[in-house]
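Each residue of the sequence shown is one higher than the last, beginning at 289 in this note's numbering.
Here a beta-carbon is modelled for each residue, glycine too, at the ideal position from N, C-alpha and C.
Predicted model only: the values in this text are computed from it and were never measured.
The structure under discussion appears below in the form of C-alpha cells.
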Amino acid sequence: MRAFGRRRLLTALLQAQTWPFQPSRDMRLVQFQASHLAGPHLGLETGNGGGVIDLNAFDPTLPKTMLQFLEQGEATLSVARRALAAQLPVLPRSEVTFLAPVTRPDKVVCVGMNYADHCKEQNVPVPKEPIIFSKFASSIVGPYDEIVLPPKSQEVDWEVELAVVIGKKGKHVKATDAMAHVAGFTVAHDVSARDWQVKRNGKQWLLGKTFDTFCPLGPALVTKDSVADPHNLKICCRVNGEVVQSSNTNQMVFKTEELIDWVSQFVTLYPGDVILTGTPPGVGAFRKPPVFLKKGDEVQCEIEELGVIINRVV
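Dropping the structure here:
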C-alpha cells in the first residue's frame with residue numbers, strides 16, 4: 289500500500305460501501321500479511337470490510353497459499369468452516385495487508401464483450417460465442433495495491449469485472465456440472481491499455497491487458513455457497529468518487545456455467561484459475577471525448593456481496 293496509507297484506505301472503504309455493511313458468517317477467504325507474522329497467511333474476512341481471522345493460527349497444518357488450499361479441496365474447506373463457527377481472535381483490518389486472494393494461478397482467462405449493455409454502448413451485436421483472451425498471472429496485484437501507468441501507453445482504462453475462481457480440476461466440463469468446479473467469486477479490475485489493445489500488436493488484445501499491476505483482485509474469495517446469485521449482483525466502478533460504471537451481473541451474455549463449459553473444451557482448468565467475466569458499459573474509451581486514467585487517480589471497483597477494491601494510479 290506504501291503511500292496510500294492505511295488510515296486513508298479505511299476511510300475510503302467506509303465511503304465505498306454503497307450497499308449495507310454488516311458482519312456475516314459467509315466464507316470470505318483471504319491471503320494477507322501482518323507485521324508480527326512471517327510471510328503470507330490465509331485468513332477469513334469477518335464480513336464485508338471486517339477484520340481477519342488467521343486460519344494458519346487456528347490450524348498450523350493448513351497451507352499458507354490459496355492455491356494449495358484450493359488444491360486440497362474439501363479437507364481444507366472443512367477446517368475453514370470450523371474456524372468460522374468458532375469464537376476466534378480477529379486481527380483489526382488496520383493491522384493487516386491484504387494480498388490478492390489468488391496469486392500465481394496457472395491461468396487468467398478473460399471474456400470480452402460479455403455484457404449486453406456494454407455491446408449496446410459500442411453499437412455492436414451481442415456475440416454468439418464467448419470471446420476469450422488472457423492476462424498473464426504476473427499482472428495480478430492486491431485489492432489495495434497501486435496501478436502503475438506504463439510509460440509505453442497513453443490510454444489506460446478501467447473495467448470492473450466479476451471474477452470466478454476455479455476450485456476443482458476439469459476438462460470438457462458440461463454447463464450442468466460447472467458449478468461443482470467453482471470455488472467462489474471475487475472482484476477484479478481488468479485494467480486495459482487501449483492503444484496496445486486495439487491499435488498495436490496486430491490488434492491482438494494480450495499485450496494491452498497484461499502489463500504489470502493490470503489485474504487487481506480481492507479483497508476476498510467469497511465461496512459460491514455464500515453468494516445468493518452471482519448473476520444478479522450490482523456492479524460498479526468509481527474514478528475519484530464519480531460513478532463511471534453501474535450495472536448488474538444479470539447483463540452477462542454468457543453466465544459462469546456457459547463460460548466454464550466453453551473454456552474447458554480447449555484447456556484444462558486447475559484450482560486457482562481465474563476467469564474474468566467481462567465488464568459493463570461506462571469505460572473511458574467510449575466516452576466523448578475519451579477519458580483515461582492519470583497519475584493520482586483512485587479507482588474503486590465494487591460488487592454487491594463481494595466487496596470493494598481500491599487502487600491508486602501512480
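Beta-carbon proximity list for residue i, same chain, < 8 angstroms, skipping 5 on both sides
i, result
"Asp394", "Ala425, Tyr558, Gly560, Asp561"
"His519", "Thr537, Asn538, Met540, Lys543, Thr544"
"Asp585", "Val527, Asn528, Arg600, Val601"
"Asp483", "Ser441, Gln442, Glu443, Gly496"
"Arg488", "Leu495, Gly496"
Contact under 7 angstroms by Cβ, residue i with residue j
i, j, result
"Cys524", "Glu447", "no"
"Lys423", "Thr498", "yes"
"Ala471", "Val453", "yes"
"Gly339", "Leu365", "no"
"Val399", "Gly566", "yes"
"Leu358", "Gly458", "no"
"Leu322", "Asp445", "Per the sequence presented here, residue 322 reads as Ala, with Leu not at that position. The answer is no: Cβ separation not under 7 angstroms."
"Ser535", "Asp405", "yes"
"Ala468", "Asp549", "no"
Cβ neighbour criterion (16 or more within 10 Å) applied to residue i
i, result
"His324", "exposed"
"Pro577", "exposed"
"Phe386", "buried"
"Gln360", "exposed"
"Val532", "buried"
"Glu362", "exposed"
"Phe554", "exposed"
"Ala516", "exposed"
"Gly327", "exposed"
"Ala373", "exposed"
"Gly331", "buried"
"His375", "His is not the amino acid found at residue 375; the sequence shown has Gln there. Exposed, since its Cβ has fewer than 16 Cβ neighbours within 10 Å."
"Gly430", "buried"
Straight-line Cα distance separating residue j from residue i
i, j, result
"Glu417", "Ile563", "16 angstroms"
"Glu530", "Leu581", "13 angstroms"
"Cys407", "Lys522", "18 angstroms"
"Pro568", "Pro507", "20 angstroms"
"Pro348", "Glu383", "21 angstroms"
"His460", "Pro415", "22 angstroms"
"Thr511", "Val479", "24 angstroms"
"Tyr432", "His477", "11 angstroms"
"Gly595", "Leu450", "11 angstroms"
"Asn411", "Asp342", "48 angstroms"
"His336", "Gln319", "Note that residue 336 is Asn in the sequence shown here, rather than His. So the two alpha carbons sit approximately 15 angstroms from each other."
"Ile597", "Val436", "16 angstroms"
"Arg579", "Pro413", "First, the amino acid is wrong: residue 579 is Val here, not Arg. Those two C-alpha atoms are separated by around 24 angstroms."
"Arg370", "Thr353", "19 angstroms"
"Met401", "Glu546", "15 angstroms"
"Glu592", "Pro377", "27 angstroms"
Proximal residues to residue i (C-beta, below 7 angstroms), its chain only, five neighbours per side dropped
i, result
"Leu494", "Phe421, Ser422"
"Gln485", "Trp493, Gly496, Lys497"
Residues near residue i by beta carbon distance below 6 angstroms, same chain, minus five either side
i, result
"Leu509", "Leu317, Pro389, Val453, Gly472, Thr474"
"Asp314", "Ser514"
"Cys503", "Lys423, Ser427, Ile428"
"Pro241", "Residue numbering for the chain in the displayed model covers 289 to 602; residue 241 lies beyond these limits and cannot be assessed."
"Gly570", "Val532, Gln533"
"Thr556", "Lys459"
Next item on the list: Would you list, in sequence order, the uninterrupted beta strand (DSSP E) runs of no fewer than 3 residues that lie entirely inside the region 377-454?
Entry: 384-387, 396-400, 419-423, 448-454
Next item on the list: Taking only runs that begin and end inside the region 331-369, name each unbroken beta strand (DSSP E) of 3 or more residues, in chain order.
Entry: 340-342
Notebook entry, point to check: What beta strand (DSSP E) runs, 3 residues minimum, are completely inside the region 515-545?
Noted result: Listed in chain order, the complete beta strand (DSSP E) runs (minimum 3 residues) inside the region 515-545 are 522-527, 530-536.
Next item on the list: At 4 residues or longer, and completely inside the region 452-492: list those alpha helix (DSSP H) runs for me, N to C.
Entry: 482-486
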